[in-house]
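Just below is one structure, and these are the notes that go with it.
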Ligand SMILES: [Mg+2]
């Protein structure tokens, strides 16, 4: 059996261009789907997939680890840059999809079978609607509360908000009080049974991240995400040690050694590895094993397209320390026209029961995809009030 071609299939989905990766074999009808979506880097990703295809077209697709090693090591530059690691991930996910299809089992059964009955989902405020999630102003605590109530009405028992605004490296109390008011309003709206998360998007400096973490600590957040830059490992560790709220990070890390350094300083309690950025299932399974040794839990980053979601859920059924999966359902209204999924979401509880189809259990409708060709993503840029560049 041989790989005959690798295609990047781009589908413009407003905030992102989903990049689906199709690995085609010489066996009639046997191909795999992966995803290598990297917002604002679509052209680079398509090119990187083309570069990688040069290495592995003609090879046996069932030798997944061997091919992963080729992709990571054989072009001299290790595959840890985010473009290369995302492209590797897209191909790796597709290879595992193929292996599941060869053996006629869901991917999670290749690794020992399901370790839980269901996977819990959380949503963004607004369900993935760009405007609601990213652009609700923090001086409008009532809108945070209303969107929180809507998430619960939609069946979710957990949701994430962007209640920490872009913040200059040092600021006074105003932004801290605004964030606190938003979280207090959401807590009042949904009660103690619902899990609330706040994503700081690495907007704060370590000093401000510490202040936000301490101010929000009394509200019992399920986790506080990226309270400072992912490069600031010691500061992440200091914040994680200073509050009872679990700190979450990891969506911007691309390889095992980066997670080793994060876990080594105890920079988080929750590892948000992204299956589509950290080298696919092959590397993610190594990262998960390392996390297990540190008793750090897994909650994958997954705001991308439907193959990423299917992969994140397959992973959840294979990993004991996995707690919850990020999901978006309102990003584009035609999401379900593009994909048919093998897993089942209970809309009353937003829990997922396992896929029973081979591989990732998904099929992509390429005719529908062609209705949404590449468009440049809308830039999301932050400038502080003095004109200096900030983090989005
Ligand atoms: Mg995030």
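Residue numbers (this note's numbering): 283 to 674. By construction, the Cβ of each residue, glycine as well, lies at the ideal position given by its N, Cα and C atoms. Bear in mind the structure is a predicted one, so any value in this text is a computation, not a measurement.
Where do the ends of the beta strand (DSSP E) carrying residue i lie?
i           : result
residue 476 : From DSSP, residue 476 is part of no beta strand (DSSP E); its letter is neither H nor E.
residue 373 : That residue, residue 373, is in no beta strand (DSSP E); its alpha helix (DSSP H) goes 364-385.
residue 333 : No beta strand (DSSP E) holds residue 333; the alpha helix (DSSP H) holding it covers 324-338.
residue 506 : 505-507
residue 609 : 607-609
residue 628 : 626-628
residue 651 : Taken as a continuous stretch (DSSP letters only), residue 651 belongs to no beta strand (DSSP E), being part of the alpha helix (DSSP H) at 648-651.
residue 635 : 633-635
residue 289 : 285-295
residue 443 : 440-443
residue 403 : 401-406
residue 299 : 298-307
Could you name the residues of the same chain whose beta carbon sits closer than 6 Å to that of residue i, not counting the 5 residues immediately before and after it, in chain order?
i           : result
residue 447 : 420, 457
residue 603 : 574, 579, 580
residue 370 : 353, 361, 561
residue 626 : 635
residue 472 : 430, 434
residue 553 : 532, 573, 578, 580
residue 569 : 538, 541, 555
residue 528 : 505, 551, 552
residue 408 : 414, 415, 429
Out of curiosity, what's the CA-to-CA distance linking residue i and residue j?
i           : j           : result
residue 397 : residue 668 : 52 Å
residue 564 : residue 346 : 8 Å
residue 659 : residue 366 : 20 Å
residue 530 : residue 551 : 6 Å
residue 318 : residue 595 : 16 Å
residue 459 : residue 538 : 37 Å
residue 477 : residue 518 : 22 Å
residue 587 : residue 642 : 14 Å
residue 495 : residue 607 : 22 Å
residue 332 : residue 467 : 49 Å
residue 664 : residue 492 : 21 Å
residue 479 : residue 535 : 20 Å
residue 392 : residue 406 : 31 Å
residue 657 : residue 289 : 18 Å
residue 609 : residue 505 : 16 Å
residue 502 : residue 474 : 9 Å
residue 432 : residue 455 : 29 Å
residue 548 : residue 351 : 28 Å
residue 320 : residue 510 : 21 Å
residue 357 : residue 559 : 18 Å
residue 497 : residue 461 : 9 Å
residue 650 : residue 577 : 42 Å
residue 676 : residue 633 : Residue 676 is absent from the model: the chain starts at 283 and stops at 674.
residue 464 : residue 355 : 47 Å
residue 325 : residue 424 : 40 Å
residue 399 : residue 631 : 14 Å
Near residue i, what residues of its chain come up, given a Cβ to Cβ distance below 7 Å and the 5 sequence neighbours on each side ignored?
i           : result
residue 689 : Nothing in the structure corresponds to residue 689, since the chain is present only between 283 and 674.
residue 508 : 481, 482, 483, 484, 531
residue 307 : 283, 284, 285, 286, 313, 343, 380
residue 598 : 401, 604, 607
residue 545 : 572, 573, 576, 578
Hey, quick one: how far does the alpha helix (DSSP H) through residue i stretch, first residue to last?
i           : result
residue 494 : 488-498
residue 428 : 423-435
residue 347 : 346-355
residue 617 : 617-620
residue 562 : 562-575
residue 542 : 538-546
residue 531 : Here residue 531 belongs to no alpha helix (DSSP H); instead the beta strand (DSSP E) covers 529-531.
residue 596 : 588-598
residue 313 : Run containing residue 313: none in the alpha helix (DSSP H); it sits in the beta strand (DSSP E), 313-317.
residue 517 : 515-524
residue 483 : Here residue 483 belongs to no alpha helix (DSSP H), and DSSP marks it neither H nor E.
residue 416 : 412-417
residue 559 : Looking at the DSSP string, residue 559 is not in any alpha helix (DSSP H), and its letter there is neither H nor E.
residue 392 : 389-392
So, at 8 Å on beta carbons, what are the nonlocal neighbours of residue i in its own chain, with the 5 sequence-adjacent residues on each side left out?
i           : result
residue 542 : 572
residue 520 : 488, 492
residue 452 : 487, 489, 490
residue 383 : 312, 314, 640, 641
Write down the C-beta distance between residue i and residue j rounded to the nearest angstrom, noting that I regard them as a contact closer than 8 Å.
i           : j           : result
residue 388 : residue 640 : 7 Å
residue 416 : residue 442 : Going by Cβ atoms, the distance from residue 416 to residue 442 rounds to 12 Å, so no, they are not a contact pair.
residue 557 : residue 590 : 6 Å
residue 316 : residue 372 : 4 Å
residue 292 : residue 585 : Not a contact, Cβ separation roughly 17 Å.
residue 418 : residue 426 : 6 Å
**Prompt:** Is there contact between the stretch 336-347 and the stretch 515-527, where contact requires at least three CB pairs shorter than 8 Å?
**Reply:** no
**Prompt:** Are there three or more Cβ pairs, one per stretch, closer than 8 Å when the stretch 404-421 is compared with the stretch 612-624?
**Reply:** yes
**Prompt:** Given 8 Å as the limit, is there contact between the stretch 620-627 and the stretch 646-657, that is, 3 or more CB pairs closer than that?
**Reply:** yes
**Message:** For the pair the stretch 297-312 and the stretch 376-396, tell me if three or more CB-CB distances fall below 8 Å.
**Reply:** yes
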